[in-house]
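Residues -3 to 412 (this note's numbering) are what the sequence shown spells out, left to right. From the three backbone atoms N, C-alpha and C, an ideal C-beta is built for every residue, glycine too.
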Amino acid sequence: MDAIRIIGGRPLRGSITVQGSKNAALPMMAAALLHEGVTVLHNCPRIADVFYMEEILRELGADTFWSGHSLHLDCRQICHACVKQDYTNKMRSSVILLGALLGRKKQGTIGYPGGCVIGQRPVDLHLQVLRGLGARIQESEEKICADAKQMHGGCFVFPRKSVGATEQGMLAAVAIPEETQLLNCACEPEILWLERLLNAMGADVRGARDGRIRIRGGRRLRDCEFWVPPDRIVAGTYLCASAITRGVITLCNPPGEEMDAFLEVYQKMGGQYKFIGGKLVADSRRAFKPVNFVETAEYPGFPTDLQSPLMAVLTAAHGKSHIRENIFEDRFKAAYELRKMGAGIELSGRDAWIQGGSLRGNSVEAQELRGGAALVLAGLAAEGETIVRGASYIERGYETICEDLESLGGRIERYR
């Protein structure tokens, strides 16, 4: 049975170490394709999406192996440039492999990507930036074919900010032996970490922090070992777990400077926190308050990936709260399942109004990654037993969510 069983009603207590970042690791794995050598990613999360990407790289000819949480990627013998739709249907972010393939093999074919159902998430900006750099692209219903014979440097201005498309442009430009400027780029921390990795590999990339990226391409790359940073979304999820159970937890390796927007909302709800010796201690024992208005935004705004976990917390905060989702148009799927647990949630377009109260256990179903995590949080606070089906969605981004929450005192187990 693909499910998680939770008995609610117990405050979380204790310390926990946050896993490596999913959103940082995946583009780093794509970057490894650019180098005819070995890249080692330490602190790499052992989650489903990373395994999917590893499987794709092996299909392309890479030799990979794990040593604990260190992923070794030997890309000396990349012999294929086609990523089958069977793979890309599993994970939308696999589309960033196209830019890396153009840089390494001067051509690439990729099936139209799939992934979590949280909105359209079109790949138009990915293709625009590649075309803007001279790639020739042909599209069909099943796949995208591109070649790099006429690729060149220059200046590309994104019509709107996109994390994935920014990473796509960076990966493609590293191999172009000219200077490329990418303007109006997304500024999420994962892009800065990709810049740091590429520079550690010998590339010359600057400006990720400011959204004005300059790449002096064509440099010879070298073997590299790099540490994947802690996952800011997992860290935020566990703070939400503390909040909804009125617990006290310590994050041993918090990505503190990346969590300002979330911690601001956490404080507004009544949470208290402090950094002590590099650790984050979060005290959620106060009665939690509703929040008048929270809206998701590009970094450094409130992250869309924490919108569903926050909604779960607010269902247990007495009073009325308001959330607006500005990034994805269909990211309220968890709300329908939370209603089965007694949550008072009204939806209208991109807005959700939450009337907090008490939750009761029920059988619910995860339909995507972060919404699934939100249902687990609700189960921790609910009266009685909760069964969350569709646990495989949650495992796409959380390495050991059941073990982590159990170590903090939660009564939770994985059904297999």
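Leaving out the 5 sequence neighbours to the left and right, which residues in its chain are closer than 8 Å to residue i when beta-carbon positions are compared?
| i | result |
| --- | --- |
| residue 64 | none |
| residue 113 | With a pLDDT of only 47 at residue 113, under the threshold of 50, the placement of this residue in the model should not be trusted, and no figure is reported. |
| residue 398 | 0, 408, 409, 410 |
| residue 262 | 235, 239, 269, 278 |
| residue 216 | 198 |
| residue 188 | 204, 205 |
| residue 80 | 55, 107 |
Enumerate in chain order the residues of its own chain whose CB-to-CB distance from residue i is below 6 Å, with the five nearest sequence positions on each side excluded.
| i | result |
| --- | --- |
| residue 304 | 330, 366, 367, 370 |
| residue 83 | 52 |
| residue 345 | none |
| residue 22 | 49, 89 |
| residue 289 | 318 |
| residue 405 | 6, 8, 9 |
| residue 338 | 355, 356 |
| residue 59 | 70 |
| residue 115 | At residue 115 the pLDDT is 49, less than 50, meaning the model places this residue with poor confidence and gives no usable figure here. |
| residue 3 | 381, 407 |
| residue 91 | 109, 119, 122 |
| residue 349 | 318, 342 |
| residue 248 | 11, 13, 275 |
| residue 400 | 12 |
| residue 102 | 144 |
Residue i bridges to which residues according to DSSP?
| i | result |
| --- | --- |
| residue 383 | 1, 359 |
| residue 121 | Answer by DSSP bridge pairing: none, since residue 121 is not bridged. |
| residue 107 | 139 |
| residue 153 | 179 |
| residue 349 | 318, 342 |
| residue 246 | 11, 277 |
| residue 35 | 69, 220 |
| residue 428 | Residue 428 is absent from the model: the chain starts at -3 and stops at 412. |
| residue 290 | 319 |
| residue 132 | 143 |
| residue 40 | Its beta-bridge partners do not exist; DSSP assigns none. |
| residue 419 | What is shown of the chain runs -3 to 412, which leaves residue 419 out entirely. |
Between the Cα of residue i and those of the options, spot the shortest distance and give me the residue it belongs to.
| i | options | result |
| --- | --- | --- |
| residue 328 | 127, 364, 105, 337 | 364 |
| residue 25 | 14, 164, 118 | 164 |
| residue 259 | 273, 385, 296, 378 | 296 |
| residue 374 | 311, 141, 348, 393 | 311 |
| residue 126 | 372, 107, 168 | 168 |
| residue 45 | 393, 412, 400 | 393 |
| residue 223 | 32, 67, 198 | 67 |
| residue 321 | 300, 54, 29 | 300 |
| residue 95 | 54, 140, 81 | 140 |
| residue 138 | 85, 267, 201, 335 | 85 |
| residue 231 | 213, 212, 255, 215 | 255 |
| residue 35 | 80, 219, 378 | 219 |
| residue 229 | 180, 184, 203, 272 | 184 |
| residue 47 | 400, 412, 391, 401 | 391 |
| residue 266 | 400, 72, 146, 314 | 314 |
| residue 286 | 271, 272, 264, 273 | 264 |
| residue 170 | 187, 272, 195 | 195 |
Considering residue i, what are the terminal residues of the alpha helix (DSSP H) in which it resides?
| i | result |
| --- | --- |
| residue 340 | Run containing residue 340: none in the alpha helix (DSSP H); it sits in the beta strand (DSSP E), 340 to 344. |
| residue 233 | 228 to 241 |
| residue 224 | Neither: residue 224 is in no alpha helix (DSSP H) and is coded neither H nor E. |
| residue 51 | 44 to 56 |
| residue 303 | 303 to 310 |
| residue 261 | 256 to 264 |
| residue 84 | 81 to 84 |
| residue 210 | Segment 208 to 212 is the beta strand (DSSP E) holding residue 210; no alpha helix (DSSP H) there. |
| residue 205 | Where residue 205 is concerned, there is no enclosing alpha helix (DSSP H), given that its DSSP letter is neither H nor E. |
| residue 392 | Note, residue 392: premise wrong, no alpha helix (DSSP H); not H, not E. |
| residue 215 | No alpha helix (DSSP H) contains residue 215, which DSSP labels as neither H nor E. |
| residue 190 | 185 to 196 |
| residue 162 | 159 to 169 |
| residue 18 | 18 to 28 |
| residue 370 | 365 to 377 |
| residue 101 | 93 to 101 |
Here's a check: name, in chain order, each residue in its chain whose Cβ is nearer than 7 Å to the Cβ of residue i, leaving out the five neighbours to either side.
| i | result |
| --- | --- |
| residue 395 | 15, 41, 42, 43 |
| residue 403 | 10, 12 |
| residue 173 | 213, 214 |
| residue 210 | 175, 177, 202, 203 |
| residue 377 | 4, 240, 241, 312, 355 |
How would you write the range of the beta strand (DSSP E) that residue i sits in, first residue to last?
| i | result |
| --- | --- |
| residue 60 | 59 to 63 |
| residue 72 | No beta strand (DSSP E) holds residue 72; DSSP gives it neither H nor E. |
| residue 146 | From DSSP, residue 146 is part of no beta strand (DSSP E); its letter is neither H nor E. |
| residue 200 | 200 to 202 |
| residue 332 | Careful: residue 332 lies outside any beta strand (DSSP E), inside the alpha helix (DSSP H) at 329 to 336. |
| residue 409 | 407 to 411 |
Touch test, the stretch 268 to 280 against the stretch 230 to 242, Cβ-Cβ under 8 Å, three pairs minimum: yes
At least three beta-carbon pairs within less than 8 Å, the stretch 155 to 162 to the stretch 132 to 140: Verdict: no, contact absent.
Segment contact flag, the stretch 376 to 385 with the stretch 355 to 362, C-beta cutoff 8 Å, min 3 pairs: yes
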